[in-house]
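Protein chains in written order, with my numbering: chain A, 1 to 166; chain B, 167 to 911; chain C, 912 to 1300; chain D, 1301 to 1403.
All residues carry an ideal CB built from backbone N, CA and C; glycine is no exception.
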Amino acid sequence: MSIEQFVFIALSAITLLGGWIVITNRNLYRAALGLVLSFFGVAGLYALLDAGFLAVVQVLIYVGAISILIIFAIMLTRRVMDRTAVQHNAQWGISALVALALFGVIGYTLLFRAADQWAVSSTGLPEKPIEMLGEALVTTYALPFEVASVLLLVALVGAIVIAREK
Amino acid sequence: MTGVEMREFFFNLTWLIPLFPLLAFALIVLWANPNRKLSTWLAWIGIGLSWLLGWTILFLSWGDIHHLTPPEGNHPVPLWTLPTGSSALKIGFQVDTLTALMLFMVPFVCLMIFIYSKGYMGYGTAQVDSRYSRFFAYISLFACGMLGLVVSDNLLTLFIFWEIMGLCSYLLIGFWYEKSYPDPKRITPKEAGLKAFLTTRVGDVIMLLGLLLIYSQVGSLSFMDVFSHETLDMLAHKTVMLPIFGSVPVATLAALLLFGGAMGKSAQFPLHVWLPDAMEGPTPVSALIHAATMVSAGVYLVARSFPLFAAVPLVHGGTQLAVVAFIGAFTALFASTIALAQNDIKRVLAFSTISQLGYMIAALGIGAYIAAVFHLITHAFFKALLFLGSGSVIHGVEHGHHEVAHGHHGHEEEAFDANDMMNMGGLLSKMPRTAWTFIIGGGALAGIVPLAGFWSKDEILAHAWHEFQHGHDFGTFWPLFVWLLLTIAAALTAFYTSRQICLTFLGRPRTEAAKHAHESPPSMTWPLMLLAFFALILGLFGTPWANQYHHLIGEAFEATPFDPFVAGLSTALAVGGMFLGWLVYGRQPLAAGEVDPLKRWLGPVHKVLENKYYVDELYQLIIIRPIIWLTQIFAKFDYDWVINRIVNFAGEATVFVSERWGEFDLVIVDGLVNLVGRAGAAIATGLDVFDLGIVDGIVNRVGDGIKAGGRFLRPLQTGRVQNYLIVAVTTLIVILGLYLVLPIT
Amino acid sequence: MNILDDLFITIGQWWTALLSNTLGLPDGIVLVINGLIGGLIFALLGVVMVLVLTYMERKVFSRLQDRIGPNRWGPFGVLQAVTDAIKMLIKEDIVPDEADRLLFNLAPVLMVIPAVMLYTVLPFGRGMQGSDLGVGALYVVAIGSLTSIAVMTAGWSSNNKYGLLGAFRVIAQLVSYEIPMVLAVASVVLVTGSMSLVDIVESQPIPNAILMPVAFLVYMAAGMAELGRSPFDLLEADSEIVAGYFIEYSGMKFALFFLAEYINMFAVAGLVTTLFLSGWKGPVLPTWLWFFIKTFAVVFVFIWARGSWPRFRIDHMLNFAWKFLVPLALVNLMVVGLVDKLLTDAEMWVRAVALLGSNLVLVVVTLIVVAWAGRRSRSAALRTIAGAR
Amino acid sequence: MDVSLTWYLLVAAALFCMGLYGVLARRNAVAILMGVELMLNAVNINLVAFWRYVRPDAMAGQVFAIIVYTVAAAEAAVGLALFIAIYRSRDTVVVEDIDLMKG
């Protein structure tokens, strides 16, 4: 087993473990920490995929910002969510079935139907991926980029307006 | 500089035309709105500049047409290109003959109406509107939308400006959103605005589908690419499979989808219901949006994409043209019959607008391209004139009412409808300028020689007749059909026009208010006179002998020869109709409270007409009642069942349906269901509306069906998003599983 | 000279050669072993730095206050820090009831890890860095943002009002000051054209602090705030919220927080050196020596600031971040980008002069604006007072 | 590359399904949001993996991963603002109690 495989398995394990904590843990704060763990795993996967920039951005945005937001929300709504409150609704059983079924379908497709459907290109990495990324963002994908920025602005204003004390 | 240089110079400035009103809008909204005078002037200057530029461009292009007509082609000037990953959208504007012609009409009419609005919104009087500046901001934005639509060189920007206009029309119809009426059946401005918005939205969605289809097939939306010969050939010969209709040429499908948008905007038959109610808006708005410009945008769209419509000739199974012709002709007749029985002065005009738009659509349907555009232009002028005239009348009568009310108190409370023609009469002496200009407009509408309306309408009829006699690629049936219906409609038009004139202006005043009415301020009457002038002379440019319009836009099409039979017949019908109207209403004018003689003679038919063939009621019955009833059941039922676990394990398909009802509930909570219902039904219904018996039958059957469905769906609607989501996911899984199980094609 | 310069590199090469050639281990194993050793080295370096810095801080601080400072243990009290450490270790380890034990124990660790992780990208000398990431500058910022999670965990898990309040304060502070920090770094990256810290150092014949004083100052301020050192030390404003988020901690765990603070301090100072003071560059002396000299100079400035400035009030602190630093950093970024873009192909010195000039102009303008705003607010306050009279 | 694309996709699928379960089965709105974040991350793994394996020379994958970041950030901000507003007005963040749309 090569190092890459080992690292991949480790990272996937971390990711999925984090996800597991998120969906099962009764204690919301721990769930949030599980989320952080999972984010780290994903960042590692990015690094393994030679997307160093995305890995770092993942840490910066998700771990540094979004999970903090979530933790804040947990704090602010803490009173109703005492640690003993039941965390799963009535349909958790069927939900689990559905999720498993979906995973089954996707997994089956991946393993037996779509396996090697994608022409894995032999061309190596571009020598300056970050530069290329920046260039693509402002040339080919200028429109999505702008739209995303507008979205961010609107979300910012909207969040402030919604959450402000009347 | 030489002519060419000058032309190039101005053509490259075209993009400024929509910009000026937009600028005015921004300035008024952001800065000038506290100051009424300033706002007025800003709006005027904005549209005025557009007007000057527009006419400059028109006359320059009139100078040498051949530069504009293909092959040298319409002048697309790309402004910028939006990279969208694999492809790029080219946004720009263009000047071709059609644009130039529209630039003759739109800015001028807008300018007139802007000037008129100053007086109508009561500038400097006691009754000045509290949202005066906002009104000017809105109409400026609207002007921006219309002008942008005219100059844009691709379907995308056209659609964007189209939607801007839709927004403005919503805002302006509901401009007096706080107004409410004593009788609950009468629709309030707020509802009317929503109704218009939602009804047109139906058409717009269809049109958007058309755009998507075209973009997916052509990979571009600019007119140059889409309407180029090779593209059209490709679209004409490539076919798509539709569930029911089998394989259809792409061109036909795309054209029909686009036409859906046109139907919504130009209030053609199934989607016409919003236009009459749009009269709840201020009268300048009715004139600007719902007579002159916006409603003609639909016709403009069809004219603009006429190559696409004509790609598959009628004789070779070009269904789209047949549909266009049928819808247009039918609407023309249908609306003109309704107009006979309306008492609201503005509603009469609204229905006549619908029917005139029907004329244009029908004309396009049988390939009378020039005639349609010609009628579009003339109609814009005289219909704007008529609306402004009616507005002036209403204004006068309202002021009269105010005086009376001030004279002896106690009258204030009693509901007085200044729009009702039965409350008018004898205004000819009270407000002569308005009256005479109105009569000129009416003559033009009825098609009296040599007023503008006559020539354009006659050209349509003549073309239809011509096609019928030796029609090549439009067959003979549709031209005859169109000709027949339009001719009848012409007679009716003349009749209700003269009815309107007689009821309003002749005879003796039937109310105190009418007695005390007096002429409107000059800022209102001057536009009337200018428009009247154009209504007088505009037709003379389009006479069959020296047809400037043909010279301008139609070199590609062969001119319609003058046909004495058609011309004589339509003249006779027009004069006869007007005379008949005079006989009925003018000879011995109605006294106060006297019933409309038409009512006596036609009896139940009149009632049907008066209620607009019960179309609204039909939509009401088919869609809205059952839904309300159903949701009440749901509500009752959920109340008992919400706690129950069962909801979670109910069958997925049914829950999926129940999501839809959940959305309806939300709508009902907002009290919008009427409008949604009518709009929604507008697609569904293609019934023979004349037969109320059938209507009842349908209502019952639909009711039963929904009741059955309701019994089935009761337990499923919990209002919990997670329940819905789980079902959505399950469905997804099922679909994926099917893909896996079934052999992948 | 050269031997001295490449001392550590030579050792490293020798060691790798030893493993792979002499012992004949496969490369993968060597990689892993070296990685572990490197991590160990960085951790130890961190601890040593803590000892040094605490001693230095106490000395300098007491000098600023006209005291002598530690002088009992060892010559000049050098061993003071050691004795402190021992005291910490032998203290009792208390876990409050109702505390979330797992997280309570986890928090200090989470606190130290990112601090140490910062060291991995610092270029301590020519060719002396844990790894030369292509996105080093961004990496630093990202790792820096991890601290807040640890703080939150500490504050929350210890189930104490003051702890939670302190944690909230820290988060507010960290999140707010991250933004000007990133913007300052961005201006450096903009000029350099690379995010790798090594490239950034290589491309500084003239220290960026001279080219872009504004960015430098913004970064210094934001850095102090990120460290939570006075004047930004509201997180442990003992007079207001007893000791901030680690109020409940004692003994070893408290020592870990302490450790983390000083490791961070050294790391931030090292970053300032790398980003703005042309890192290990310098005449005569070996490069790593230069790095440490500059870093300690920066640390000295930190201590100096702590000694001379009173503590902010929390709202003042946040306003300072959002209403002063962020706009300034944004404008600075724009100016730098503009100048850099305009003078892409000019000679080095032209760009330098242009950058410096534009920055000075920016400083002047800022001062004018601030003065104006201050006058305005003061006059408004006066007016309200007059109105109240 | 010793790890084949399929394995990355499988991990992503597993993460996605976990997130889906969280969205479907958790009662607390914040927890549901966390599930959504997991799903978004799964999507991003797919994007990046496809970029690396199929078209490393075209940046589309990374670009859209970044777009997903912005979307996630916006969604988190607005969502949490909504929760806090709901919490203020109705004093709960349990989605089952938030069923205004119940017919």
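Buried or exposed: which applies to lysine 623 of chain B, given that a residue is buried once 16 or more other Cβ atoms fall within 10 Å of its Cβ?
The residue labelled residue 623 of chain B in the question sits at position 457 within the second sequence. Looking at its Cβ environment, which holds 16 or more other Cβ atoms inside 10 Å, lysine 623 of chain B is buried.
Between the alpha carbons of alanine 327 of chain B and tyrosine 1321 of chain D, how many angstroms are there, rounded?
For the purposes of this step, residue 327 of chain B is taken as residue 161 along the second sequence, with counting starting at 1. For the purposes of this step, residue 1321 of chain D is taken as residue 21 along the fourth sequence, with counting starting at 1. Checking the sequence, you will find phenylalanine at residue 327 of chain B rather than alanine. If I take the Cα positions, the gap works out to 44 Å.
Proximity below 9 Å, CB of serine 12 of chain A to CB of valine 1311 of chain D
Here residue 12 of chain A is taken as the residue at index 12 of the first sequence, counted from 1. Here residue 1311 of chain D is taken as the residue at index 11 of the fourth sequence, counted from 1. Going by C-beta atoms, serine 12 of chain A is nearer than 9 Å to valine 1311 of chain D.
Is there contact between the region 449-464 of chain B and the region 506-521 of chain B, where contact requires at least three CB pairs shorter than 8 Å?
A contact exists between the region 449-464 of chain B and the region 506-521 of chain B.
Just the Cα atoms here: how many angstroms apart are alanine 51 of chain A and alanine 1325 of chain D?
For this step, residue 51 of chain A is matched to residue 51 along the first sequence. For this step, residue 1325 of chain D is matched to residue 25 along the fourth sequence. About 33 Å.
Taking just the CA atoms, how far does alanine 584 of chain B sit from isoleucine 560 of chain B?
As a position in the second sequence, residue 560 of chain B is number 394, starting the count at 1. As a position in the second sequence, residue 584 of chain B is number 418, starting the count at 1. Roughly 6 Å between the two C-alpha positions.
With three or more C-beta pairs closer than 8 Å as the rule, is the region 676-687 of chain B touching the region 521-540 of chain B?
No, the region 521-540 of chain B does not touch the region 676-687 of chain B.
From alanine 546 of chain B to valine 461 of chain B, what does the alpha carbon distance come to, in whole angstroms?
Mapped onto the second sequence, residue 546 of chain B falls at position 380. Mapped onto the second sequence, residue 461 of chain B falls at position 295. Straight-line Cα distance between these residues: approximately 10 Å.
To the nearest angstrom, report how far apart isoleucine 162 of chain A and alanine 1385 of chain D are at their CA atoms.
Here residue 162 of chain A refers to the residue found at position 162 of the first sequence. Here residue 1385 of chain D refers to the residue found at position 85 of the fourth sequence. Rounded to whole angstroms, the separation of the alpha carbons of alanine 1385 of chain D and isoleucine 162 of chain A is 7 Å.
Are the Cβ atoms of phenylalanine 302 of chain B and leucine 208 of chain B separated by less than 9 Å?
Counted from its first residue, the second sequence places residue 302 of chain B at position 136. Counted from its first residue, the second sequence places residue 208 of chain B at position 42. It is a contact, given that the beta carbons lie within the stated cut-off.
So that I know if they touch, is there some Cβ in chain A lying closer than 9 Å to that of glutamine 888 of chain B?
As a working mapping, residue 888 of chain B is identified with position 722 in the second sequence. Under the Cβ criterion of 9 Å, glutamine 888 of chain B is counted among the residues facing chain A.
CB contact check: proline 730 of chain B to chain A, cutoff 9 Å:
Here residue 730 of chain B refers to the residue found at position 564 of the second sequence. Contacts with chain A at 9 Å (Cβ-Cβ) do not include proline 730 of chain B.
Nearest-angstrom Cα separation, counted from alanine 1078 of chain C out to leucine 1017 of chain C:
As a working note, residue 1017 of chain C is residue 106 in the third sequence. As a working note, residue 1078 of chain C is residue 167 in the third sequence. If you take the alpha carbons of leucine 1017 of chain C and alanine 1078 of chain C, they lie about 15 Å apart.
Using the three-state DSSP reduction, which class does tryptophan 984 of chain C fall into: helix, strand or coil?
As a first step, residue 984 of chain C must be located in the third sequence, where it is residue number 73. Looking at tryptophan 984 of chain C - three-state DSSP - the assignment turns out to be coil, as it is neither helix nor strand.
Can you list, in chain order, the residues of its chain whose CB lies under 7 Å from that of valine 147 of chain A, leaving out five sequence neighbours each side?
Numbered from its first residue, the first sequence carries residue 147 of chain A at position 147. Excluding sequence neighbours, valine 147 of chain A sits near nothing in its chain.
Please compile the residues from chain D whose C-beta is within a distance smaller than 7 Å of the C-beta of threonine 123 of chain A.
On the first sequence, residue 123 of chain A is found 123 positions in, with the first residue counted as 1. Annotation: Cβ neighbours of threonine 123 of chain A in chain D (cutoff 7 Å, chain order): Pro1356 and Asp1357.
Min CB distance phenylalanine 53 of chain A to chain C below 9 Å
The sequence position of residue 53 of chain A within the first sequence is 53, counting from 1. Closer than 9 Å: yes.
Residues that glutamate 1396 of chain D contacts on chain B, provided the C-beta gap is smaller than 7 Å:
Translated into positions along the fourth sequence, residue 1396 of chain D becomes position 96. Ordered by position in chain B, the residues that pass the 7 Å Cβ test against glutamate 1396 of chain D are Arg886.
Please determine if the region 38-49 of chain A and the region 59-67 of chain A are in contact, where contact requires at least 3 C-beta pairs separated by less than 8 Å.
Yes, the region 38-49 of chain A is in contact with the region 59-67 of chain A.
Output yes or no for whether 9 Å exceeds the beta carbon distance between leucine 218 of chain B and arginine 173 of chain B.
To locate residue 218 of chain B, count along the second sequence from 1; it is residue 52. To locate residue 173 of chain B, count along the second sequence from 1; it is residue 7. At least 9 Å separates the beta-carbon of leucine 218 of chain B from that of arginine 173 of chain B.
Can you give the Cα-Cα distance for leucine 1029 of chain C and valine 1051 of chain C, rounded to whole angstroms?
Here residue 1029 of chain C refers to the residue found at position 118 of the third sequence. Here residue 1051 of chain C refers to the residue found at position 140 of the third sequence. Going from the Cα of leucine 1029 of chain C to the Cα of valine 1051 of chain C covers about 6 Å.
I want to verify the contact list: residues of chain D whose CB lies under 7 Å from the CB of valine 895 of chain B, in sequence order.
By 1-based counting over the second sequence, the position of residue 895 of chain B is 729. Here the neighbours are Leu1320.
Mind listing the chain A neighbours of asparagine 1346 of chain D? Cutoff is C-beta to C-beta under 7 Å, in chain order.
The residue given as residue 1346 of chain D occupies position 46 in the fourth sequence. Those do not exist, as asparagine 1346 of chain D stays about 11 Å from chain A at its closest Cβ, beyond 7 Å.
Contacts of valine 1367 of chain D in chain A (Cβ-Cβ under 7 Å):
Here residue 1367 of chain D refers to the residue found at position 67 when the fourth sequence is read from its first residue. One detail in the question is off: residue 1367 of chain D reads as isoleucine in this sequence, not valine. By Cβ distance, chain A contributes Pro144 and Ala148.
By Cβ distance below 6 Å, which residues in the same chain neighbour glycine 1038 of chain C in space, the five residues on each side in sequence not counted?
Numbered from its first residue, the third sequence carries residue 1038 of chain C at position 127. So the qualifying residues of the chain are Ile920.
For the structure I just gave you, are there three or more beta carbon pairs, one from the region 955-965 of chain C and one from the region 1162-1176 of chain C, closer than 8 Å?
Short answer: they touch.
Applying a beta-carbon distance threshold of less than 8 Å, which residues of chain B neighbour leucine 1324 of chain D?
As a first step, residue 1324 of chain D must be located in the fourth sequence, where it is residue number 24. Contact note: leucine 1324 of chain D reaches chain B through Gln888, Leu891, Ile892 and Val895, using a C-beta cutoff of 8 Å and chain order.
Cutting at 6 Å between CB atoms, please list the residues of its own chain near leucine 188 of chain B, excluding the five before and the five after it.
Numbered from 1 along the second sequence, position 22 holds the residue referred to as residue 188 of chain B. Cβ-Cβ distances below 6 Å link leucine 188 of chain B to Cys310 in the same chain, with the five nearest sequence neighbours on each side left out; the list follows chain order.
Answer yes or no: do glycine 258 of chain B and proline 249 of chain B have a C-beta to C-beta separation smaller than 9 Å?
Position 92 of the second sequence, counted from the first residue, corresponds to residue 258 of chain B. Position 83 of the second sequence, counted from the first residue, corresponds to residue 249 of chain B. For glycine 258 of chain B and proline 249 of chain B, no; Cβs fall outside 9 Å.
Just to make sure I have the definition right: I need the residues of chain A whose C-beta is within less than 8 Å of the C-beta of arginine 1390 of chain D. Which are they?
Translated into the one-based positions of the fourth sequence, residue 1390 of chain D becomes position 90. What arginine 1390 of chain D touches in chain A: nothing, since even the nearest Cβ is about 10 Å away.
Looking at the C-beta of isoleucine 326 of chain B, does it have a partner C-beta in chain A at a distance below 9 Å?
As a working mapping, residue 326 of chain B is identified with position 160 in the second sequence. No, no contact with chain A.
Roughly how many whole angstroms lie between the Cα atoms of valine 1447 of chain D and valine 368 of chain B?
For chain D, the structure presents residues 1301 to 1403; residue 1447 of chain D sits outside this window and is missing.
Could one say the Cβ of proline 355 of chain B lies closer than 9 Å to chain A's Cβ atoms, at least one of them?
Residue numbering aside, residue 355 of chain B sits at position 189 when the second sequence is read from its first letter. With respect to chain A, the C-beta atom of proline 355 of chain B has no partner C-beta closer than 9 Å.
Would leucine 337 of chain B pass as a contact of glycine 359 of chain B if the rule is Cβ separation under 9 Å?
Locating residue 337 of chain B in the second sequence gives position 171, counting from the first residue. Locating residue 359 of chain B in the second sequence gives position 193, counting from the first residue. Contact: yes.
Is the Cβ-Cβ distance between arginine 1123 of chain C and asparagine 1270 of chain C less than 9 Å?
One-based indexing of the third sequence puts residue 1123 of chain C at position 212. One-based indexing of the third sequence puts residue 1270 of chain C at position 359. Here residue 1123 of chain C turns out to be methionine, not arginine, going by the sequence shown. Against a cut-off of 9 Å, the Cβ pair of asparagine 1270 of chain C and methionine 1123 of chain C comes out as a contact.
Starting from the C-beta of phenylalanine 517 of chain B, find all residues in its chain whose C-beta is less than 6 Å away, skip the five residues before and the five after it, and write them out in chain order.
Here residue 517 of chain B is taken as the residue at index 351 of the second sequence, counted from 1. Ala501, Ile504 and Ala505, listed in sequence order.
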